[in-house]
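Number of protein chains: 2
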Amino acid sequence: MTKSADTKVKDRDDGLDMGPLPNLMGYLTRRAQMAIFEDFHARFADEDIRPAQYSVLKLIALNPGARQTEVSAALGIQRSNFGPMFDALEQRGLVERRPLEADRRSLALYLTASGEAAMVRLDALVEAHEAKFVKRIGLQGKVTLQTLLFLLTSGE
Amino acid sequence: MTKSADTKVKDRDDGLDMGPLPNLMGYLTRRAQMAIFEDFHARFADEDIRPAQYSVLKLIALNPGARQTEVSAALGIQRSNFGPMFDALEQRGLVERRPLEADRRSLALYLTASGEAAMVRLDALVEAHEAKFVKRIGLQGKVTLQTLLFLLTSGE
DNA sequence: TATTGTTATACTCTATAACTATA
DNA sequence: TATAGTTATAGAGTATAACAATA
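These protein sequence lines are chains G and R, in that order. First residue of the first sequence? That's 1 in this note's numbering, and the numbers climb one at a time after it. First residue of the second sequence? That's 1001 in this note's numbering, and the numbers climb one at a time after it.
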């Protein structure tokens, strides 16, 4: 209520008072995800592959012949957004679509030979990427984190 | 090498084989963050406030008079993107800029009376939002998660 | 010279609706 | 009628560079 209270607008020694913000799980996961993706982007710059692209390639590698709707749904990507994203990978010769005889509406997805070769390199990059963060929290920490994040995601 | 191996393109009982994807920390944090933000968006739809906007409002509430560069840097937002974002909040009468006499390049940020009133409602929404996820992993789980995510973020 | 804030721009990601061809 | 994939579009989020005013 005093004039001096108006003057002392902020306690600012080194930085700002973040209050409870750094304890909010949404804030925490967002910042952690950004830190992890930043490392990913740096490592995959030469290969010009982004996280979502890697997840698509990996899913097709594990499930050759899967249809677009299956892959996009499994990754939480809209069907309408999956098409153009896949086009980019296809134009680079990493993947291909093949008509499905059983259902002529559908297209089955496959890695090309070039895509298979790329996966060997990409998997190695992912392994190094992953190891960097495991080093920070330990193997037990990673297991705990997996459990907690899974529980967070899969709720009511 | 056989024709039958070509036929059995994929083991697909219910869904796709995700392989090690769900164990990658980047994938896990991304999916968790999306689940948390989805709940946030639903709760804050009526107030028309997004996570980044809440963090800006909260930071100004805790640090009245803070300058734009300070707030944007603390939240990891580019200076050039902070301006238009703040404009939207200002046009809604929640915040305001005031010239700094000490440095006429800078603008000090404040909540308006309307903004202060809004924060009471928003903080209540955040509390309920947070409680939903604490319920899934327990209070100890939240503390552990905070520790792990902080360690992940603050590395070399 | 360096910094604060602004403007312009561009690229990615995400979300929705409408369309086609098949089923 | 419903589904697979496409197209168009729009809104966020993010990133960089250049600029004017001020330090």
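Where is the CB? At the ideal position from N, CA and C, for every residue including glycine. These figures come from a predicted structure and were not determined experimentally.
* **the region 1079-1105 of chain R: positions lying closer than 7 Å to chain G by Cβ** => none
- Quick one, are the C-beta atoms of G:E130 and R:L1024 less than 9 Å apart? yes
Item to check | From R:R1105, R:K1132, R:G1026, residue whose alpha carbon lies closest to that of R:T1069 | outcome: R:R1105
What does the alpha-carbon distance come out to for the pair G:G93 and G:M34?
29 Å
> Going by the CB atoms, is the gap between G:V71 and G:N63 shorter than 9 Å?
Replying inline: yes
* Asked: With distances taken between CB atoms, is the gap from R:L1111 to G:G19 smaller than 9 Å?
  -> no
Quick check: is any heavy atom of the ligand FAD less than 8 Å from the C-beta of G:A45?
No copy of the ligand FAD occurs in the structure displayed, which carries no ligand at all.
Quick one: what does DSSP say G:R98 is sitting in, helix, strand or coil?
strand
task: Using 10 angstroms around the beta-carbon of R:K1135, count the other beta-carbons present and answer buried if the total reaches 16, otherwise exposed.
output: exposed
inquiry  = Against chain R, with Cβ distances strictly below 9 Å, would G:F198 count as a contact?
reply    = Nothing about residue 198 of chain G can be reported from this structure: the residues present for chain G run from 1 to 156 only.
Helix, strand or coil, according to DSSP, for G:K8 in the structure here?
Here G:K8 scores only 36 on pLDDT, less than 50, and its place in the model is too uncertain to base an answer on.
query = What does R:V1126 reach in chain G if we use C-beta pairs closer than 8 Å?
reply = L24
Using DSSP's beta-bridge definition, name the partner residues of G:A108.
G:R67, G:R98
> Are the beta-carbon atoms belonging to G:R50 and R:G1076 less than 9 Å from one another?
Replying inline: no
Using the beta-carbon of each residue, which ones in chain G are nearer than 7 Å to R:S1055?
L21, Y27
key: Inter-residue spacing [alpha-carbon to alpha-carbon] between G:I137 and G:R98   = 43 Å
Subject >> chain G residues whose Cβ lies nearer than 7 Å to that of R:E1070 >> reply: L16
Checklist entry - For a contact meaning CB atoms closer than 8 Å, what does G:G115 contact in chain R? => result Residues of chain R passing the Cβ test: none, with the nearest at roughly 15 Å.
Quick one: what's got a C-beta closer than 6 Å to R:D1014's C-beta in the same chain, skipping five residues either side? Here the model assigns R:D1014 a pLDDT of 49, short of 50, so the residue's position is not dependable, and the following value carries that caveat. Correct list: empty, nothing qualifies.
| message | Does R:V1143 pass the burial test, meaning 16 or more other C-beta atoms within 10 Å, or should it be called exposed? | response | exposed
**G:A32 at chain R interface by Cβ criterion, 9 Å** = yes
- Which residues of chain R have a Cβ atom closer than 7 Å to the Cβ of G:Q146, listed in chain order? N1023, L1028
Closer than 8 Å by C-beta to G:M172: which residues in its own chain qualify, once you throw out the five before and the five after it? Chain order, please. Within the shown structure, residues of chain G are numbered from 1 to 156, placing residue 172 of chain G beyond reach of any answer.
Measure the Cβ-Cβ separation of G:L145 and R:L1145 and say whether it is below 9 Å. yes
Just checking my contact of G:G26 with R:F1037 at CB under 8 Å: how many whole Å lie between their CB atoms? 6 Å
Which residue from R:E1101, R:L1109, R:R1043, R:D1017 puts its Cα closest to that of R:K1132?
-> R:R1043
| Nearest chain R C-beta to G:R121 closer than 9 Å, yes or no? | no
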